[in-house]
Each structure stands twice: as structure tokens, then as C-alpha cells.
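**Q**
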């Protein structure tokens, strides 16, 4: 959809919201991924819309940047844009919210150069942890200023910080109000015991619980009748990206018994954020609290030495964790909720159960009747050992990991010298660091990772279901309103003996950076019709020699499969025998001279002309 520019009047400046509206309208047209002229009568504002073709060209330009910090900045910008464009092609109203590294919204990652309009037109918000309480609260720090600039660009900016005292909570809300940022406090320290006596002990808070807004001081921002369709309508949000308190209750006793036998208490450590609120005082309870000796001693002196799991103390059924969590979400009046797309996301990849579409739909209406936005968490800058794509040979049994027995393999840096991971994909580039040995920082611009997160069709299918649908397409098919993209800030890592600098130096000296010699074959136009669709791309053989089409219904579980009811021509491939009204995902693979290449994955719904 192109809107003609009037020669008589200069084009007015597009607001960020207007840019997103025009883009959504372009993506909602039946002929996806194409640029066509609109009739003059359709040209209301005298503007040039950000066409899909122009966005794809910008994405490819950014991906083609070289090494170094600016090159990696461009590649992460391209990755965010590629994911967003793919998602919004399937659902123009789908929301994209990166987390951290607001500099990515600006040209070359430099706030002084202004926003990157193409990227800002594709995202709907930005999130951050631990931002608001830095600095003096009067003059924003440079990092705070970047997020404030995004607020002024018309994006919803959400933030969560640990808050330890009533005075700090008041200051936290004051800054949020002054800067237009939507806050969610994680309650810790002495404030936790004031607000949750006998239940919360961790110093740094957590994001496990569905907090009562009144308890944490958010009542003034709550309106159960408010409809939130654009994220700029939101005034509050829930940060609940880990449902640990509700996960697999039937396993807790056995797992804790094993942990105690090994001398390593787990959920009973009341002063750890990962145990925060899981164990509570309960007459006749079977456990004693563990953790910081002074805190534990004081807790026992005040509440006694009989404690038990919070859900058992509340009289809940051991099999009702999932129901209890979903009911807590349903019964809240938050405008936006960030949650994981799986109920038991800590389970092994073959044992996880995603939330159903019906469950997610049930979360979209607040008790007060207003529409809310339900957003799925996804880590795009790191690979996690418990995600659908993880293969058994990517992990190793790690007795030093405090969170899980399995840690991810990754590249290593010793004395500034890099070595790639052993018997694992080269794009498992760097150790995540900190207390997260179960994650690895990925080379996100590698096509193999892009297939996992964006395009689908990866050879790394789920080990149980063999489904190789991409992470973002799974989330869309589940019915989520959007995705919260974590770990986009990994592009700037240069610590730990060199970080990306050491990675790039190693590979440039050893044949080139993995995957950079395998760009996708771009699809120019998708033309859906009656039980058919045509995909235009630069085809090297009009008779289709060496080409194969891989197809699946977008909402169906299971892998992409070869589809043979096709004809090739000089412009691409004609796919026949499809079901009208069905949305499909498809890509074309080419094998020539022993090398394999493929197109990006496109989505289309047949039955439209």
C-alpha cells in the first residue's frame, strides 16, 4: 500500500503512532509483502508510508554491516525488525516490546543521532529492569534519557525495579509519573515484610507473584473498565515472566528432599529470590526455613519452626498449580501482563506444556470488563536449556549450577583467547555469566538462530514433538497479543576477556563468522488467491530443479513438510491445492552444488484476491 505524495503540499511529519498505523494498514492488505499503488481517492494524508519492501531492504542493509560494535548494533536492529515484520505480517496488531538497550531504537545506537524511524515504526513499546531509581531523580541519567525519549516517540515504556522501603517506593512512583514510564515495583528488603508479613524475605524482590495492585501502591493506576488496544492506552502492567510459585506442585517435596540430602536447600531458602514466598509459617508444617542465618533465626523466633509450602498452607490441591496461576491472572485488573508462553517452562523441552489458545483468550478481559494486552516473554539474545529447541547434546550436567543440573554449552574465553563450543552449534557464542549457566548468549544474526526464533523450519526441532515452528510463530498461534523480547542488549558485551571482540577475532582468522555466507533468498511478493498462492523470488531454474517448498498451516502443531503440488516459473513458485480461509507458513529451499539455501518464511491466507 503506497499513499501518493501531493506535489502541492509538503508531506507532514509522521508521528510514531501514525507510522505504526500506516504500517499496520499496509500489512493488513490481502497482497502481503508487496507494494502497490493506491487510488488517489484513498490518499488522505499527503505522506509516503513505510512500505514493506523498503523495510525489508533496510533490514538486509543492517544485516550486511561489518564487525565491531556498530556492526553488531545494526545486526540487532535488523533482527528486531525482521522478527517484528514477520509477526505483523501474520497479525498487523501484534505488539513488539524489546527489553533493555534502548540505544537500539536510535541510528547507529547513538541517541544523539535521533531515532531509527524504520525500527520505531515496527515496535510498540520498550521495557527495562532497574532503571528508575538510578541518579538523583531530577536530572535523568543518559540511560534514563534514552527511555524518556522513547516515551516522547509514542512508545509504551515499562520498568521494574526492586524497592526496599516505603520512601523508596514513593520516590519510584514519583519518577515514573514525571517521566511517563509505567512502573512495576518488585518488593524486597524491609518493605517486603511490611507488606507481606511472614511471606516474603528476599532482599531483591522477584517477578514470580501476581501482586494485588492495592498492596504495592498501584491502585491509582488501575481501571478495570479501561480498554487497552494500543499500548499507549496502558497505565499499568504486571511483570510475571516466571511462574515458579505455581509450577508443578506435585514435584516440590521430592525435589526438596533430594536438595536437602545433597546439603543444598532449594525452595526452602527464604532469603533467595528464587525461594521468595514459597515457604511460609504453617502449624504442623514439615519444613524449616533456610538461607541467611540472621534472617532465618529472626523468622523462626517470630513465627516458629514449622513451615510449609505456601499453596499447602493455603489449602490448595496439589494438582491445581496451573489453574491457580491462571485464575490469579484473570482476577487481576492489570492493563498489560507479561507472562511466559509455557506453564511449566522450567521443565525439560520434551515435557513442557504451552498455554492453550483458550487459556490465553480467557486472560484478555479484565474482571472490570476492559480489554487487556497479554504479552509473551521470549529470550531472543540467549538460548535456554529448557526451551523447545534445545537438543540434548547442547547441555552438560553441571553440579555447580544453583538453578538446575543442566548448563548450556557455549564458547569460552581464556586469557582473551576465544574457543568455540564443543559438539554444539557455533552460534552458542558466549557464556551468559552471572547466575545463569543454563543460558548461552547467541550469535543472533546466524541464520540457524533466526530460523529458530523467526522463520521456522530449523533442523533443531523439538525432541518430543518434532515441531520446528519458530518461537514467534508459536506465540502468535497461541493467541498472544504480542511478544516481550528479552536480551536484545547482548550485542554490546565486550567484557569477560573480550566478549564479542574475541569471538569476531577468532572467526575472522578461521574462515569467517559463521552463517554470514548464507543470506536468505528474499521473497519479493506473495499473491494469495483461490486455493493457491504465488511466491515471487529470484529463481535460478525456472523448471524448479533443486528447489523444494516447505509448508504448514500456521496454527497447526508439527514440523514444516515438503509440499509437492507446485509449479515453478521464471518468477518463482505457484503453490496449489490449498484450503481457503487457512493461514499458511511457507519457505522455499534450494540445494545446488552440495550447498543449501532457503528463502525467508512468509505467511499468507488463501481465498483472498
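Residue numbers (mature numbering (1 follows the signal peptide of the UniProt record, and there is no 0)): -42 to -1, 1 to 567. All C-beta atoms, glycine included, are put in the ideal place defined by N, C-alpha and C.
Under 8 Å: do the stretch 350 to 362 and the stretch 426 to 435 share three or more Cβ pairs, one atom per stretch?
**A** As far as the Cβ criterion goes, the stretch 350 to 362 does not touch the stretch 426 to 435, which means the pair count is below three.
**Q** Quick one, are the C-beta atoms of residue 117 and residue 153 less than 8 Å apart?
**A** Numbered from 1 along the chain shown, position 159 holds the residue referred to as residue 117. Numbered from 1 along the chain shown, position 195 holds the residue referred to as residue 153. Contact check for residue 117 against residue 153 fails: the beta carbons are separated by 8 Å or more.
**Q** In three-state terms, what does DSSP make of residue 202?
**A** On the chain shown, residue 202 is found 244 positions in, with the first residue counted as 1. Helix.
**Q** Touching or not, the stretch 499 to 517 and the stretch 467 to 476, by the rule of three or more beta carbon pairs under 8 Å?
**A** no
**Q** Could you tell me which whole beta strand (DSSP E) segments of length 3 or greater appear in the stretch 59 to 135?
**A** 83 to 87, 114 to 121
**Q** Taking 7 Å as the limit between beta carbons, can you name the residues of its chain near residue 411, skipping five residues before and five after?
**A** Numbered from 1 along the chain shown, position 453 holds the residue referred to as residue 411. Closer than 7 Å at Cβ, skipping near neighbours: 41, 338, 428, 429, 430.
**Q** Just mark residue 233 as buried or exposed, buried being the case when its beta carbon has 16 or more other beta carbons within 10 Å.
**A** By one-based count along the chain shown, residue 233 stands at place 275. Buried.
**Q** For a quick check, are the C-beta atoms of residue 570 and residue 437 less than 8 Å apart?
**A** Absent from the model: residue 570. The displayed extent of the chain is -42 to 567, so no value can be given.
**Q** Which first and last residues belong to the alpha helix (DSSP H) in which residue 21 is found?
**A** Translated into the one-based positions of the chain shown, residue 21 becomes position 63. Residue 21 -> alpha helix (DSSP H) spans 10 to 21.
**Q** Given 8 Å as the limit, is there contact between the stretch 66 to 81 and the stretch 34 to 54, that is, 3 or more CB pairs closer than that?
**A** yes
**Q** Which residue from 420, 194, 457, 440 puts its Cα closest to that of residue 27?
**A** Here residue 27 is taken as the residue at index 69 of the chain shown, counted from 1. The shortest C-alpha separation from residue 27 is found at 457.
**Q** Please work out which residues of its chain come closer than 8 Å, Cβ to Cβ, to residue 277, disregarding the five sequence neighbours upstream and downstream, and give them in chain order.
**A** Translated into positions along the chain shown, residue 277 becomes position 319. For residue 277, where only same-chain residues beyond five positions count, the Cβ hits under 8 Å are 207, 208.
**Q** How about residue 523 and residue 500: are their beta carbons less than 8 Å apart?
**A** By 1-based counting over the chain shown, the position of residue 523 is 565. By 1-based counting over the chain shown, the position of residue 500 is 542. Taking 8 Å as the Cβ cut-off, residue 523 and residue 500 do not qualify as a contacting pair.
**Q** Please return the same chain residues whose Cβ sits closer than 7 Å to the Cβ of residue 71, not counting the five positions on each side in sequence.
**A** Here residue 71 refers to the residue found at position 113 of the chain shown. So the list reads 64, 65, once near-sequence residues are dropped.
**Q** Let's see if you can read the secondary structure: which residues bound the beta strand (DSSP E) around residue 144?
**A** On the chain shown, residue 144 is found 186 positions in, with the first residue counted as 1. Residue 144 -> beta strand (DSSP E) spans 140 to 145.
**Q** For residue -23, tell me which candidate among 148, 409, 51 has the shortest Cα-Cα distance.
**A** Mapped onto the chain shown, residue -23 falls at position 20. Comparing Cα positions, the closest option is 51.
**Q** Would you please state the rounded distance, in angstroms, between the beta carbons of residue 495 and residue 481? I believe it to be under 8 Å.
**A** Counting from one through the chain shown, the residue named residue 495 turns up at place 537. Counting from one through the chain shown, the residue named residue 481 turns up at place 523. Going by Cβ atoms, the distance from residue 495 to residue 481 rounds to 5 Å, so yes, they are a contact pair.
**Q** For residue 258, which residues does DSSP report across the bridge?
**A** Along the chain shown, one-based indexing puts residue 258 at 300. Beta-bridge pairing links residue 258 to no other residue.
**Q** How about residue 451 and residue 386: are their beta carbons less than 8 Å apart?
**A** Within the chain shown, the letter at position 493 stands for residue 451. Within the chain shown, the letter at position 428 stands for residue 386. No, they are not a contact pair.
**Q** Does the CB of residue 50 have a neighbour CB from chain B at under 8 Å?
**A** Protein chain content of the structure displayed is limited to a single chain, and chain B is not contained in it.
**Q** Taking residue 238 as part of the alpha helix (DSSP H), name the residues at either end of that continuous run.
**A** On the chain shown, position 280 is the one that residue 238 refers to. Not the alpha helix (DSSP H): residue 238 falls in the beta strand (DSSP E), residues 237 to 239.
**Q** With 16 as the cutoff for other CB atoms within 10 Å, does residue 483 come out buried or exposed?
**A** In the chain shown, counting from the first residue as 1, residue 483 sits at position 525. Classification for residue 483: buried.
**Q** In the DSSP assignment, find the alpha helix (DSSP H) that holds residue 35 and state where it starts and stops.
**A** Within the chain shown, numbered from 1, the residue matching residue 35 stands at position 77. Run containing residue 35: 26 to 48, per the alpha helix (DSSP H) assignment.
**Q** With respect to the alpha helix (DSSP H) encompassing residue 411, which residues constitute its N-terminal and C-terminal limits?
**A** In the chain shown, residue 411 corresponds to position 453, counting from 1. Where residue 411 is concerned, there is no enclosing alpha helix (DSSP H), given that its DSSP letter is neither H nor E.
**Q** Is residue 312 near the ligand MN, judged by its Cβ being under 7 Å from some heavy atom?
**A** Because no ligand of any kind appears in the structure shown, any question about the ligand MN cannot be addressed here.
**Q** Just checking my contact of residue 473 with residue 404 at CB under 8 Å: how many whole Å lie between their CB atoms?
**A** Position 515 of the chain shown, counted from the first residue, corresponds to residue 473. Position 446 of the chain shown, counted from the first residue, corresponds to residue 404. At roughly 4 Å, the Cβ-Cβ gap stays under 8 Å, so residue 473 and residue 404 are in contact.
**Q** Determine the burial state of residue 123: buried for a count of at least 16 other Cβ atoms within 10 Å of its Cβ, exposed for fewer.
**A** In the chain shown, residue 123 corresponds to position 165, counting from 1. Exposed.
**Q** Take residue 3 and list the residues in its own chain whose beta-carbon comes closer than 6 Å to its own, dropping the five residues that flank it on each side.
**A** By 1-based counting over the chain shown, the position of residue 3 is 45. With a pLDDT of only 28 at residue 3, under 50, the local geometry of the prediction cannot be trusted, and the value read off the model is given with reservation. Cβ neighbours of residue 3 beyond the five flanking positions: none.
**Q** Quick check on the DSSP output: the beta strand (DSSP E) that includes residue 495 runs from which residue to which?
**A** The count along the chain shown starts at 1 and reaches residue 495 at position 537. 490 to 495 is the span of the beta strand (DSSP E), which, as asked, contains residue 495.
**Q** With 16 other CB atoms within 10 Å as the buried threshold, where does residue 86 fall?
**A** Taking the first residue of the chain shown as 1, we reach residue 86 at position 128. With 16 or more Cβ atoms within 10 Å of its Cβ, residue 86 is classed as buried.
**Q** Between which two residues does the beta strand (DSSP E) containing residue 563 stretch?
**A** Residue 563 sits at position 605 when you count from the first residue of the chain shown. Residues 560 to 563.
**Q** Report the residue ranges of all alpha helix (DSSP H) runs contained in full by the stretch 430 to 473; include only those spanning at least 4 residues, in chain order.
**A** For the stretch 430 to 473, whole alpha helix (DSSP H) runs of length 4 or above, ordered along the chain, are 458 to 466.
**Q** Counting Cβ pairs closer than 8 Å, one from the stretch 164 to 172 and one from the stretch 288 to 295, do we hit at least three?
**A** Here the stretch 164 to 172 makes contact with the stretch 288 to 295; the two share three or more CB pairs at distances below 8 Å.
**Q** For residue 378 versus residue 348, is the C-beta distance shorter than 8 Å?
**A** Counting from one through the chain shown, the residue named residue 378 turns up at place 420. Counting from one through the chain shown, the residue named residue 348 turns up at place 390. It is not a contact, given that the beta carbons lie outside the stated cut-off.
**Q** Please state whether the Cβ-Cβ distance between residue 55 and residue 333 is less than 8 Å.
**A** Looking up residue 55 in the chain shown gives position 97. Looking up residue 333 in the chain shown gives position 375. Cβ distance < 8 Å, so residue 55 and residue 333 count as in contact.
**Q** By the 10 Å Cβ neighbour count, where 16 or more other Cβ atoms means buried, how is residue 293 classified, buried or exposed?
**A** As a working mapping, residue 293 is identified with position 335 in the chain shown. It is buried - the Cβ of residue 293 has at least 16 other Cβ atoms within 10 Å.
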